DNA sequence: TCGTTGACAACGT
DNA sequence: TACGTTGCCAACG
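Numbering (this note's numbering), first residue to last: 46 to 153.
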């Protein structure tokens, strides 16, 4: 299959995140069968600089906090992108996270 | 090959 | 309820 390593598997799922929706690292990891490797998902996202198709800004931690915004070009670029999709973000935290949460295990 | 790293998650205090 | 510590696993140097 296309997914050779863990990274590409993460991209495969991340790309499928619907517009205006968000998910968590753990959710993706669990879907990949590596529930304990939530941190690996974050690491994979660090390489998304080479994968512009991957909406890393839609991936947040389980608290709905934009932990990875610091890795984006702009300080608040991640928040800008989310707000641009209709996602309300306050203090680096996604509001109504439960409603916007997209579970690949359930939806995909 | 081994040790360190890391955009998390869960548990305990 | 909030904060601190531990555990997990795979990639990097």
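Note that the Cβ used here is the ideal one computed from N, Cα and C, for glycine as well. Every value quoted in this text rests on a predicted model; they were computed, and no experiment measured them.
Give me, in chain order, the residues of the same chain whose beta-carbon lies closer than 7 Å to that of residue i; leave out the 5 immediate sequence neighbours on both sides.
{"i": "residue 52", "result": "89 and 92"}
When burial is assigned at 16 or more other CB atoms within 10 Å of the CB, is residue i buried or exposed?
{"i": "residue 74", "result": "buried"}
{"i": "residue 69", "result": "buried"}
{"i": "residue 82", "result": "buried"}
{"i": "residue 76", "result": "buried"}
{"i": "residue 151", "result": "exposed"}
{"i": "residue 65", "result": "exposed"}
{"i": "residue 100", "result": "buried"}
Report the CB separation of residue i from residue j in whole angstroms; it is logged as a contact under 8 Å.
{"i": "residue 67", "j": "residue 107", "result": "With a Cβ gap of about 11 Å, residue 67 and residue 107 do not count as contacting."}
{"i": "residue 105", "j": "residue 55", "result": "The pair is not a contact, with the Cβ atoms about 14 Å apart (cut-off 8 Å)."}
Could you check what DSSP says for residue i in three-state terms: helix, strand or coil?
{"i": "residue 142", "result": "helix"}
{"i": "residue 151", "result": "helix"}
{"i": "residue 133", "result": "coil"}
{"i": "residue 126", "result": "helix"}
Item to check | Segments of 4+ residues assigned as alpha helix (DSSP H) that fall wholly inside the region 57-101 | outcome: Taking only runs of at least 4 residues, the alpha helix (DSSP H) segments lying wholly in the region 57-101 are 70-76 and 83-91.
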